[in-house]
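S.K.: In full-length UniProt numbering, the protein residues as written are 1 to 332. Just so it is clear, CB atoms sit at the ideal spot from N, CA and C, and this is done for glycine as well. Everything numeric in this text was worked out from a predicted model, so none of it was measured.
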Amino acid sequence: MRLLVEEMEKEAMNYPLHLGVTEAGEGEDGRIKSAVGIGALLADGIGDTVRVSLSEEPAAEIPVARHLVDYIGKKKGHLMIPATACPSFDWLRPTRRETVAVGNIGGSNVPVVISNRINGESTACENKDATPDYIYIGGKMPKQFVAGQSYIVDYNVYETLNSKPETTGAKLYPIFPTMAMPLIASIKADVKFLTLQFGTPAEEYIACLKAHPEVVVICVSNHQNRLGDQRALVHEMMNAGLKNPVVFAEMYQHGKEEKSDFQLEAAADMGALMIDGLTDGIWLMNNGDIPAQTIDETAFGILQAARLRTSKTEYISCPGCGRTLYDLRETI
């Protein structure tokens, strides 16, 4: 679609564009796949009308499409982001950003999934196909550490927790907030995480990342245009020649009854970042009562929708031109 728009602009073909994802499927998968594709285009200002094509009753498509359009529309009128695009980045033919692998993050590895378990709950995952690669526990001991599981802990408790017998068999890694950047060198670990947001003094964090190739950047944003803000940080890193992997962390606020809204928004926010080839990992967070397992499954579903990582069998279906000639739901 980006290529199409480029050619249309060359030919002064200023016609409205209709967006849709064919054969998106039904249920959560259909909604996520539609939001990844349509959301990525809308966020870049492409598209005048949309159709969310679900293998469900036609009436079910309307609220999904409306929420997606309204969500992207909220970014309108945002404060300017004073960023400079990397000259070597090809918006029309994006390839994956070159990074040096840190553990299993970046390089040629598939994007990882990070999940939250910060209230001391069990870190055992019922759905083995949606087991996060890393689980953030903050500074609290969970009910149990799972052998072989990787955990992210706050830097100031890393050495204390790492020395406890309960952590035997588990792998712990420290995470540093931006203000703790000077302390990164004082802690020994094969993988370290650093939270960064665009606007952090560039000279300071660039020097830090060049000195510490073992650091994975956790890119966060509270900007009205989250996508633009997060793109800006990665392009700033690219302009500086940094090859540290980047994980995008996205925060939402939804209750269980708003699960569909959460999934649509997360998929829309991640869509363009994945298509741009900037994504080495995804970390979805929610300030609400949506179960952690649902959040994990959503993260894996988003990566699969973008064809970056396959974690489950996928059934593709289309409403079909003859949907009125048979019972679509019963057939599926």
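Would you list, in sequence order, the uninterrupted beta strand (DSSP E) runs of no fewer than 3 residues that lie entirely inside the region 210-268?
M.R.: Correct list: 215-219 and 246-252.
S.K.: Could you tell me the boundaries of the alpha helix (DSSP H) in which P111 lies?
M.R.: Neither: P111 is in no alpha helix (DSSP H) and is coded neither H nor E.
S.K.: According to DSSP, what are the bridge partners of G138?
M.R.: For G138, which the question treats as bridged, DSSP gives the partners V153.
S.K.: Using a Cβ-Cβ cutoff of less than 6 angstroms, which residues in the same chain neighbour P94 once the five nearest sequence positions on both sides are dropped?
M.R.: The answer, listed in chain order, is D276 and G277.
S.K.: Could you give the first and the last residue of the continuous alpha helix (DSSP H) run that contains V21?
M.R.: Note, V21: premise wrong, no alpha helix (DSSP H); not H, not E.
S.K.: Going straight from the alpha carbon of P16 to that of C86, what length do you get?
M.R.: Spanning the two alpha carbons is a distance of roughly 30 angstroms.
S.K.: What residues in its chain sit with their C-beta under 8 angstroms from that of D129, if we drop five residues either side in the sequence?
M.R.: Closer than 8 angstroms at Cβ, skipping near neighbours: F300, S311 and K312.
S.K.: Using a threshold of 8 angstroms, state whether the C-beta atoms of P201 and V100 are closer than that.
M.R.: No, these two residues do not count as a Cβ contact at 8 angstroms.
S.K.: Just how far apart, CA to CA, sit E297 and G39?
M.R.: Those two C-alpha atoms are separated by around 19 angstroms.
S.K.: Identify whether R106 lies in helix, strand or coil by the three-state DSSP scheme.
M.R.: A small fix is needed here, since residue 106 is Gly in this sequence, not Arg. Three-state DSSP puts G106 in coil, outside helix and strand.
S.K.: Report the residue from N286, Y155, G281 and I302 whose alpha carbon sits nearest the alpha carbon of G107.
M.R.: It is G281 whose Cα lies nearest to the Cα of G107.
S.K.: Specify the secondary structure class of M179 as computed by DSSP and reduced to three states.
M.R.: Correct three-state label for M179: helix.
S.K.: Short of 6 angstroms in beta carbon distance, which residues of its chain neighbour Y173, apart from the five on each side in sequence? Order them along the chain.
M.R.: Contacts found: I152, A189 and V191.
S.K.: How is I295 classed by DSSP in three states: helix, strand or coil?
M.R.: In this structure, I295 counts as helix in the three-state DSSP scheme.
S.K.: What is the rounded straight-line gap between the Cα of A83 and the Cα of A232?
M.R.: Each residue's alpha carbon lies about 6 angstroms from the other.
S.K.: So the beta strand (DSSP E) M285 belongs to, where does it begin and stop?
M.R.: Taken as a continuous stretch (DSSP letters only), the beta strand (DSSP E) holding M285 covers G281 to N286.
S.K.: Below 8 angstroms on the Cβ atoms is my contact criterion, and I expect Q253 with G288 to pass it. Report the Cβ-Cβ distance as a whole number of Å.
M.R.: Indeed they touch by this definition, with Cβ atoms about 6 angstroms apart.
S.K.: Counting Cβ pairs closer than 8 angstroms, one from the region 203-212 and one from the region 54-74, do we hit at least three?
M.R.: The answer is no - the region 54-74 does not touch the region 203-212, with fewer than three Cβ pairs under 8 angstroms.
S.K.: Are I187 and Y155 touching if we call contact CB-CB under 8 angstroms?
M.R.: In this structure, Y155 lies closer than 8 angstroms to I187 by Cβ.
S.K.: Just list the residues that DSSP pairs L196 with in beta bridges.
M.R.: For L196, which the question treats as bridged, DSSP gives the partners C219.
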